[in-house]
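Participant: Take a look at this one; I'll ask things after.
Numbering (our numbering), first residue to last: 105 to 173.
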């Protein structure tokens, strides 16, 4: 599973995980997240590889890459 935590509190938080081909492989939503509160995203069905994670919260967008072994 993937654990994502924001550095500040936010409302209406959306999480998107994309594979190398650009296909969406997982999503999650939270009405509110406190600073540092983790969101867990199940990636058990995903093959090992590099994934792009996009988070939208409070009108801001965050991007990161993660490696699943």
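All residues carry an ideal CB built from backbone N, CA and C; glycine is no exception.
If I'm right that residue 154 touches residue 121 with Cβ under 8 Å, what's the distance once you round it to whole angstroms?
Facilitator: That belief does not hold up - the Cβ atoms of residue 154 and residue 121 are roughly 11 Å apart, past 8 Å.
Participant: Can you tell me where the beta strand (DSSP E) with residue 172 in it begins and where it stops?
Facilitator: First-last of the beta strand (DSSP E) with residue 172: 164-172.
Participant: What distance in whole Å lies between the Cβ atoms of residue 159 and residue 119, which are believed to be in contact at a cut-off of 8 Å?
Facilitator: Residue 119 to residue 159, Cβ: 5 Å. Contact.
Participant: Taking the alpha-carbon positions, what's the residue 132 to residue 147 distance?
Facilitator: Their backbone Cα atoms lie some 11 Å apart in a straight line.
Participant: For residue 161, does the three-state DSSP call read helix, strand or coil?
Facilitator: DSSP places residue 161 in strand when its eight states are reduced to three.
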